[in-house]
Amino acid sequence: MGMMISTLRICGLTAALFCLSVHTAYAADEHVTVSGKPAVRVATYKDVAHFYERFEKFPAAARDGISLHFAGELLPDHELPSKARLVIHSQQGDIPLFFGTDRDMHFPRTAPLIAENPSILQTELIGHNVRTELSLRVEVPQGDRFTGVQARHWLTQINACIRDLTGVILSWFMPDAHRLKIDLAPGARFEAMTDGHATMLARNEGKDLITVMLRPQDYSEETIFRSTKPFVQVRVKIPGDAYLTFTPDK
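Quick note, the sequence shown lines up with residues -27 to -1, 1 to 223 if you use mature numbering (1 follows the signal peptide of the UniProt record, and there is no 0).
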């Protein structure tokens, strides 16, 4: 069988610099069988672990209160990534990366898995790719509110990460992180309070969470951004629309 190439495809300059090179050559056939069902290899464990390792090399101050996350969707219809059943095919058994309606990728990081470097397989809906968006999640100490000062601090942290990652020269060409992605719970109202005046920014009248984009720079540092329910999560959008797509070469 001829050599097959499996590639993690990355979109955006930031992501390309983040992952460096993730092209991996396999001597074995890319198509395998798991529990009697066909599956296709889309990556190795180390391909994904590299992202976390690179993030942890950022200065501690730059990533304090920040964690790296991957939110997935099944293309082309933006369905739940769990439908594709991506698994780490380890010697101890298959480990799913997505569960139920949760779009977050759950990537276990252990020394045995690093040493083994098992394949990551797609076992369902082969031919439909899972794409994940890289984002940096921030801790919101108050749970349901944050200030303009806090928001600017988060953005400054991300910019420091990008500068550390790309170097001084490359950073001249990198767009600054400037927007927050805020996930609101069903029934939540999101508003900005400035000088005693409240401005409604969004209202979630549905049964599922919604995501609101916010540019803190459009408001004063004294503004308080608050929700009537605790935020599901607050993320800093990585510049350049950084995506990691699990795609086997054909």
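Beta carbons: idealized from backbone N, C-alpha and C, even for Gly.
What's the C-alpha gap between residue i and residue j?
i    : j    : result
H58  : F71  : What sits at residue 58 in the sequence shown is Arg, not His. Cα to Cα, R58 sits roughly 7 Å from F71.
K180 : Q190 : 30 Å
E46  : P114 : 29 Å
N102 : F219 : 6 Å
N132 : A35  : 9 Å
R118 : A44  : 23 Å
M78  : T17  : 15 Å
K154 : T120 : 15 Å
W127 : G66  : 39 Å
T196 : D168 : 8 Å
K56  : S193 : 43 Å
E112 : G38  : 5 Å
V15  : Q130 : 32 Å
F80  : K10  : 23 Å
E29  : A84  : 16 Å
D50  : T74  : 15 Å
Is residue j closer than 8 Å to residue i when the C-beta atoms are compared?
i    : j    : result
E52  : A215 : no
H151 : R110 : no
T96  : A161 : no
M173 : R199 : no
A175 : V185 : yes
S108 : R27  : no
Quickly, what does DSSP pair residue i with across the bridge? List them, please.
i    : result
D75  : F72
D156 : T184, Q206
A16  : I93
F119 : F198
V111 : I39, V207
L59  : Q95
G45  : T105
G66  : S63
F31  : Note: F31 sits in no beta bridge, so no partner.
Apart from the five residues on each side of it in sequence, which residues of its chain come closer than 8 Å, Cβ to Cβ, to residue i?
i           : result
L182        : D156, L157, A158, P159, V205
Q64         : E89, P91
residue 248 : The structure shown does not extend to residue 248, since the chain is modelled only from -27 to 223, so the question has no answer here.
Y25         : L41, F80, R82
A124        : L153, L187, P189, F198
Residues in its own chain within less than 6 Å of residue i by CB, not counting five upstream and five downstream?
i    : result
C134 : F31, A35
P69  : V60
P203 : G116, D117
H62  : P91, S92, L94
Report the CB separation of residue i from residue j in whole angstroms; it is logged as a contact under 8 Å.
i   : j    : result
K41 : R104 : Lys is not the amino acid found at residue 41; the sequence shown has Leu there. The Cβ separation is near 16 Å, so there is no contact.
I87 : A22  : 6 Å
P54 : R76  : 6 Å
Got a sec? Which residues, its chain only, sit under 7 Å from residue i by beta carbon, not counting five neighbours each side?
i    : result
E164 : A171, T172, M173, L174, R199
V122 : E194
N177 : L157, A158, P159, G160, A161, I183
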